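Only one structure is covered here, and it is reproduced in the block below.
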Amino acid sequence: MKILVKNARIIEPSENIDQVADILIVDGIIEKIAPKIAASGNVQEYVLDGKIVAPGFIDMHVHLREPGYEHKETIETGLDAAAAGGFTAVCCMPNTNPPIDDASVVKFIREKSEKTLNGLVDVYPVAAATKHREGKELSPMIELVEAGAVAFSDDGSPIENPEIMRRALEYSNMLGKIIIQHPEDRSLARGGMMNEGLVSTSLGLPPIPSIAEEIMIDRDIQIAKYVGASYHAAHISTAGSVEIIRQAKKKNLPVTCEVTPHHFTLTDEAVRTFDTNTKMNPPLRTKADVDAIKEGLRDGTIDVIASDHAPHSFDEKEVEFLEAPFGIVGLETAVGLAITELVIPKILSINQLIEKFSINPRKILSLPSVKIKVGEKTNFTILDIQKQWKVDAQKFKSKSKNTPFDGRTLIGKCFAIINNGRVHFSD
Amino acid sequence: MPLQSRHLLGLEGVSRDDIQLVLDTATNFREVLERPIKKVPTLQGKTIVNLFFESSTRTRISFELAERRLSADVVNFSVAGSSVAKGETLKDTARNIEAMKIDMVVVRHSSPGAALFLSRVMNANIINAGDGTHEHPTQALLDMYTIREKFGKLEGLNVCIVGDISHSRVALSNIYGMQTMGANVSVCGPTTLIPKDIKKLGVKVYHNIDDAIRDADILNVLRIQLERQDRSFLPSTREYHNYFGITKERLSKSKKPITIMHPGPINRDVEISADVADGEQSVILQQVLNGVAVRMAVLYLLGTGN
Ligand SMILES: [Zn+2]
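Which chain is which? The protein sequence lines are A and B, in order. Quick note on the numbering used here: the first sequence kicks off at 785 and runs consecutively. Quick note on the numbering used here: the second sequence kicks off at 4 and runs consecutively.
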């Protein structure tokens, strides 16, 4: 099968390429890139009018909820949402039921995802670092890697015990895999519902101090340094965390981190509505934190943008604030928010955006790199960075609609993805 | 003139005119309470539910008395004695109540924002009788009424709220309401019981009770909740009493007489000594009586306003 993509603005930061050209794809492999390629024979042709063709995006922090919580999301609906949002790959987190702490669960997810949308979206399971995600005993990491796990995390919960963290880092490092920490000191965060500060005080909501996150990252870096293992902090949210990681990177420690779009878009002021879609963990922070996160993205301290897509059914969120579960969906708004909040205000260049959505996460996870180059497999995210659109949660492909961004106007959207020989349009 | 809102969810953002209106209206009802027959037909035909998800006998009784004196039909709905305890969501509870053609709901709930939540899913007028550690607007209104009764004004008075500010449902409503009325509001307590950034609300913070007493016209003394001890906010209630407790001896150092308020229930000899609670500067029992009048005013204004 032949596909001809015409008039594409190809951006390949790893090769320093930014050019308008046509791309001929034969049986899923890039055959030719040239200024003008004439269609010949039986070929599907797509004219892009200068839309950006980038190496396929990966969201390295997604809760697909299956197995166990299919009323929130299934592998099928989650991957449909990922494709619509512009992601050719996702990493799914292990807090399912049963959790991903056994090779059979990894296999189940892989098999099911390969059948979904004919394998359009690659799924890389992140397995639990400890059995039952209880933080007490290491999970069978070698078996899990053999089954296809790409990293380890107890996400949803932190790995609290420092000795277990040490062992998890040592053991996973032996396998060439990273530990992804959900950085939260639970004794400091206990009972908390939102960021501690003026807003929590004004609303009488139990607070989560910024130090709950920072202390855990600080500690983890000490352990990672001591054992010489790679460590990745998930969804960092405070100015302090950015600074701690900046300093660690200056010392060339193998520390990386990610941030979610909501943490660079919203502040804790949004919680004043008591909208349960502003309740997430880590919580929305202050303007100073948002500014520090933007600076961290700009100067490279923050490596990755990941959505922390956390679907919850409408009735689970339509409760009083204390009772509502933490988290929001993010797959279908991540790219739009990143372009609107970071690229348009010139905090990030398009190249940097692509690094944070495609190149860096693959590097951190040691996944095969994706390149727009003759002879490579086709794995594209095609962006329309001018498109103005309105978020309509009811139109989400995700089974859940829990977003604080419903009705918000964004600039920039995924137009289509091409992966594993399939072309998939977003609208 | 009606209130600007159909609900009383809190005092944050409530205008000076509205607070004034409630306090003025309460004066009329306070007079009713002195009559031999303490009942008016104002809310005849209206049905009010007292929806209490937390037990609070005195607040519920105060509301119930206010409702009956306005001739409303009253239904009490407490978690302990109903189906709500087991599994039903707040929204389902709200819908069930709405289906019974209820006009007004007085709600006490442990979650901040619960009254606001009800106002979004119900058509009835909602009155917040305490939503977690957020607001308890009728308590602050009755506090303001009591101060105004004694001082003839609120403007320029120094009101210090003493005790566990972090876990109080009274403190924020007091701060919001009294600041709107021109009082200078401060708080006093150990650092562990003062929420972060409260100064940004324009509130002065004391950690030394003698300093607070020196500056205050009124002390609003909050209950120290013994049941929070497991979280190590305080070494002991004895230490609290010794360093923050309001005693006759401490008050005697002040040059001017200081008015003592307490929202109840009192832990005698913890946050306040018995002789102060019962002393002549105490207006604690007036607060209880005024509470009924203020709640009558709120119910009347909301119940007849739309
Ligand atoms: Zn997490």
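The beta-carbon is built from N, C-alpha and C at its ideal position, and this holds for glycine as well. Being a predicted model, the structure only gives us computed values, none of them experimental.
Identified DSSP bridge partners for residue i
i         : result
B/Leu54   : B/Phe80 and B/Val110
A/Lys786  : A/Val810 and A/Val827
A/Pro991  : A/Met978
A/Asp802  : A/Ile795
A/Glu1042 : A/Val1088
A/Phe936  : A/Ala911 and A/Ile963
B/Asn161  : B/Asn187
A/Ala873  : A/Ile842 and A/Asp906
B/Asn223  : B/Ile164 and B/Met264
A/Ala818  : A/Asp806
A/His1093 : A/Val846
A/Leu1132 : DSSP lists no partner for A/Leu1132.
B/Ile275  : B/Ile249 and B/Arg271
A/Pro922  : First, the amino acid is wrong: residue 922 of chain A is Leu here, not Pro. A/Leu922 pairs with A/Thr914.
Boundaries (first-last residue) of the alpha helix (DSSP H) holding residue i
i         : result
B/Ser65   : Thr60 to Arg72
A/Ala1076 : Lys1071 to Asp1083
B/Thr30   : Arg19 to Val35
A/His1016 : First-last for A/His1016: Tyr1015 to Ala1017, but that is the beta strand (DSSP E), not the alpha helix (DSSP H).
A/Arg1206 : Premise fails: A/Arg1206 lies in the beta strand (DSSP E), Arg1206 to Phe1209, not in any alpha helix (DSSP H).
A/Tyr853  : Element bounds for A/Tyr853: n/a, residue is neither H nor E.
B/Lys42   : That residue, B/Lys42, is in no alpha helix (DSSP H); it is neither H nor E in DSSP.
A/Glu1027 : Ala1023 to Lys1034
B/Gln290  : Ile287 to Thr307
A/Pro1145 : Asn1144 to Ile1148
Under 7 Å between C-beta atoms of residue i and residue j
i         : j         : result
B/Glu70   : B/Ile40   : no
A/Leu1194 : A/Gly1120 : yes
A/Leu1068 : A/Ala1054 : yes
B/Met103  : B/Asn128  : no
B/Val224  : B/Ile275  : yes
B/Ala186  : B/Val206  : no
A/Ile809  : A/Thr1162 : yes
B/Glu138  : B/Ser176  : yes
B/Gly135  : B/Ser171  : no
A/Gln887  : A/Pro909  : Residue identity check: residue 887 of chain A is Ala in the sequence provided, not Gln. Result no, Cβ atoms of A/Ala887 and A/Pro909 do not sit closer than 7 Å.
A/Val1223 : A/Ile926  : Lying outside 785 to 1211, the shown extent of chain A, residue 1223 of chain A is not represented and no answer is given.
A/Pro991  : A/Ser984  : yes
A/Ile1001 : A/Pro967  : yes
A/Ala732  : A/Ile884  : Residue coverage of chain A in this structure runs from 785 to 1211, which leaves residue 732 of chain A outside it and unanswerable.
A/Ile1138 : A/Pro882  : no
A/Pro1045 : A/Ala1118 : yes
A/Phe1209 : A/Glu1125 : no
A/Arg1192 : A/Asn902  : no
B/Ala97   : B/Val110  : no
A/Leu788  : A/Ala823  : yes
Closer than 9 Å at the beta carbon, the chain D residues around residue i
i        : result
A/Glu980 : Chain labels in this structure do not include chain D; the protein chains are A and B.
Residue i: first and last residue of the uninterrupted beta strand (DSSP E) it sits in
i         : result
A/Phe1199 : Thr1193 to Asn1203
B/Asn189  : For the record, residue 189 of chain B in the displayed sequence is Ser; it is not Asn. Residues Asn187 to Cys191.
A/Asn1212 : The question about residue 1212 of chain A has no answer here: the residues shown for chain A are numbered 785 through 1211.
A/Gln1172 : Asn1163 to Lys1174
B/Pro140  : Where B/Pro140 is concerned, there is no enclosing beta strand (DSSP E), although the alpha helix (DSSP H) it sits in stretches over Pro140 to Phe154.
A/Pro839  : Ile836 to Pro839
A/Ala1122 : No beta strand (DSSP E) holds A/Ala1122; the alpha helix (DSSP H) holding it covers Ala1118 to Ala1122.
B/Ala132  : Asn128 to Asp134
B/Lys49   : Run containing B/Lys49: none; DSSP gives neither H nor E here.
B/Val208  : Lys207 to Tyr209
For this session: Could you list the residues in the segment 986-1019 of chain A with a C-beta less than 9 Å from some C-beta on chain B, going in chain order?
Result: Ser986, Leu987, Gly988, Leu989, Pro990, Pro991 and Pro993
Exercise. Taking contact to mean at least 3 C-beta pairs separated by less than 8 Å, is the segment 1200-1208 of chain A in contact with the segment 255-272 of chain B?
Worked result: no
Exercise. Going along the segment 1100-1115 of chain A in order, which residues come within less than 7 Å of chain B, judged by CB to CB distance?
Worked result: Glu1102, Val1103, Glu1104, Phe1105, Leu1106 and Glu1107
Exercise. Any contact of the segment 53-60 of chain B with the segment 206-218 of chain B, i.e. 3+ C-beta pairs under 8 Å?
Worked result: no
For this session: Taking a Cβ distance cut-off of 8 Å, strictly less, list which residues of the segment 91-112 of chain B are near chain A, in chain order.
Result: Thr92, Leu93, Lys94 and His112
Exercise. Are the segment 827-847 of chain A and the segment 1085-1096 of chain A touching, with three or more C-beta to C-beta distances below 8 Å?
Worked result: yes
For this session: Specify whether the segment 143-157 of chain B and the segment 279-298 of chain B touch according to this definition: at least 3 beta carbon pairs, one from each stretch, less than 8 Å apart.
Result: yes
Problem set entry | At least three beta-carbon pairs within less than 8 Å, the segment 1055-1062 of chain A to the segment 995-1014 of chain A | no
Exercise. Which of the residues in the segment 1050-1073 of chain A, read from start to end, lie with their CB under 8 Å from any CB of chain B?
Worked result: Phe1058
Exercise. Is the segment 914-928 of chain A in contact with the segment 14-22 of chain B, if contact means three or more CB pairs nearer than 8 Å?
Worked result: no
Exercise. If you measure beta-carbon to beta-carbon, which residues of the segment 201-226 of chain B are closer than 8 Å to chain A?
Worked result: Ile201, Lys203 and Leu204
Exercise. At a cut of 8 Å, does the segment 1177-1185 of chain A reach the segment 862-874 of chain A through at least three beta carbon pairs?
Worked result: yes
Exercise. Relative to chain A, which residues along the segment 172-192 of chain B have a C-beta separation below 8 Å, given in chain order?
Worked result: Arg172 and Leu175
For this session: Pair every Cβ in the segment 1094-1112 of chain A with every Cβ in the segment 949-961 of chain A, then say whether three or more of these pairs are closer than 8 Å.
Result: no
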